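This report refers to the structure that appears directly beneath it.
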Amino acid sequence: MIVLVINSGSSSLKYQLRDTGSGERLAEGIVERIGDRAHGGPADHQEALEQVAKNIDSALEGKTIDAVGHRVVHGGERFSEPVLINNEIIRAIERLNPLAPLHNPANVQGIRAIAEKWPDMPQVAVFDTAFHRSLPEHAWRYAVPGDLYKKFGIRRYGFHGTSFEYVTQRAAALLGMQAAQFTGIIAHLGNGASVTAVQNGRSIDTSMGFTPLEGLVMGTRSGDIDPSILLFLLREGYSEHQLDQLLNRESGLRGLTGHNDMRSVEEADDPAGETALEIASYRLAKYIGGYHVAVGGAQALVFTAGIGENSWRFRERVVKRLGALGVFIDDAENRKKSDSPREISSEDSAFPVLVVPTDEEAAIAEATAAVVGL
Ligand code: AMP
Numbered sequence: 001m002i003v004l005v006i007n008s009g010s011s012s013l014k015y016q017l018r019d020t021g022s023g024e025r026l027a028e029g030i031v032e033r034i035g036d037r038a039h040g041g042p043a044d045h046q047e048a049l050e051q052v053a054k055n056i057d058s059a060l061e062g063k064t065i066d067a068v069g070h071r072v073v074h075g076g077e078r079f080s081e082p083v084l085i086n087n088e089i090i091r092a093i094e095r096l097n098p099l100a101p102l103h104n105p106a107n108v109q110g111i112r113a114i115a116e117k118w119p120d121m122p123q124v125a126v127f128d129t130a131f132h133r134s135l136p137e138h139a140w141r142y143a144v145p146g147d148l149y150k151k152f153g154i155r156r157y158g159f160h161g162t163s164f165e166y167v168t169q170r171a172a173a174l175l176g177m178q179a180a181q182f183t184g185i186i187a188h189l190g191n192g193a194s195v196t197a198v199q200n201g202r203s204i205d206t207s208m209g210f211t212p213l214e215g216l217v218m219g220t221r222s223g224d225i226d227p228s229i230l231l232f233l234l235r236e237g238y239s240e241h242q243l244d245q246l247l248n249r250e251s252g253l254r255g256l257t258g259h260n261d262m263r264s265v266e267e268a269d270d271p272a273g274e275t276a277l278e279i280a281s282y283r284l285a286k287y288i289g290g291y292h293v294a295v296g297g298a299q300a301l302v303f304t305a306g307i308g309e310n311s312w313r314f315r316e317r318v319v320k321r322l323g324a325l326g327v328f329i330d331d332a333e334n335r336k337k338s339d340s341p342r343e344i345s346s347e348d349s350a351f352p353v354l355v356v357p358t359d360e361e362a363a364i365a366e367a368t369a370a371v372v373g374l
């Protein structure tokens, strides 16, 4: 089955054309500067899609697209699985706009553009929050008055779910078990980063919360801070927009070092970078310790995404902090470069440490094929 995977942002449209039979990636790309005609961008998502159609035409080799799968950021409390899109589903995604004001409206623009161009095309929404619908209440509820939950939906949702689910399956396969038997901790460390506690194949806790800001130190996000800092800064005259920029775009590795990209931080090799890496690895190690307790004893620790898959230095920093759990790294295995799922722990480690490459587009394509039933 040929699936076009779409990740639609407000000013960009990322796409991949996948053959779910062979698992092959037939084409991929990004159309940027949507709405920025002055700089040669397409006028809107509709025009961006025309460009995508042109770009993938030769890769299709006369074949047709069977279905389109969309990455949708927020599925709220309703969506725990991928769904076939119809008008009611579009409205439901739009009702969640207040919870993801930048993402959900842009995702819907992508859905509408497809519906307009190919009215009969089956479309599937795959939600970033869905895998975390299994969180128990003691993990998802904040200790604030219940009204805030009832009135505004203020609770923890978690993100990167498509990646965590995919990596759960692949890690389980590497360990020779079913996904439903997998109990462990998965650290998705990309530009955005979060860590999830998986028990018997289900997410029972995750470090991102009401928004992707909570949790780990990320490329440009602070992760956990004392919320009173916001109140303090408000009183100091910061605006809502400034606070948003500060915590989402100017903090994390960037705030600590000037670089948001892990490669630049590692290459700079300066004291600020060293401090930032210590803060980030310490934070993650604390979560791993906590989640080891949460799952009742992890049977594996898994690293994935850009940093998790590629930075042996960062993996080493994190695992070196886990001596109290009896977890140890094998230096040679950890330093090997590879695109395959692999084990990097030493023989005497209490449980295996794995590196498992994620592939959110493959997961979306497979989920789409499953929902459409081809
Ligand atoms: P992602 O969001 O999953 O694409 O991950 C992006 C992050 O992965 C950035 O911080 C990159 O610097 C980091 N990354 C990618 N390749 C490497 C590498 N070889 N060594 C260290 N960090 C890397």
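Using the numbering used here, the letters of the sequence shown correspond one by one to residues 1 to 374. Every residue, glycine too, gets a C-beta built ideally from N, C-alpha and C. Source: prediction; values computed, not measured.
Local conformation of G252 per DSSP, three classes: helix
Whether L216 touches A193 by CB criterion (8 Å): yes
Member of L4, V167, A106 whose CA lies at the smallest distance from the CA of I185: V167
8 Å CB neighbourhood of G23 in its chain, flanking five on each side removed: Its chain contains A362 as the residues whose beta carbon lies nearer than 8 Å to that of G23, once the 5 sequence neighbours on both sides are disregarded; these appear in chain order.
A390: first and last residue of the uninterrupted alpha helix (DSSP H) it sits in: Outside the modelled stretch of the chain, which goes from 1 to 374, sits residue 390, for which no answer is possible.
DSSP three-state assignment for R18, whether helix, strand or coil: strand
Cβ distance (whole Å) where H45 is taken to contact Q123 below 8 Å: H45 to Q123, Cβ: 14 Å. No contact.
C-alpha distance - I351 paired with L301, whole-angstrom precision: It should be pointed out that residue 351 corresponds to Phe in this sequence rather than to Ile. About 8 Å.
C-alpha gap between D244 and T206, whole angstroms: 22 Å
Nearest residue (CA-CA) to I229, options E240, T220, I6: The candidate whose alpha carbon is nearest that of I229 is E240.
Sufficient close CB pairs (3 or more, under 8 Å) joining the segment 263-281 to the segment 150-161: no
Same chain, Cβ closer than 6 Å to L175, neighbours up to 5 away in sequence not counted: none
Residue interval of the beta strand (DSSP E) (run including Q199): 193-199
Beta-carbon proximity check, M1 vs D57, cutoff 8 Å: Cβ distance not < 8 Å, so M1 and D57 don't count as in contact.
Whole-number beta carbon distance between I329 and V353, since they are thought to touch under 8 Å: 6 Å
Beta-carbon spacing of R283, G223 below 8 Å: yes
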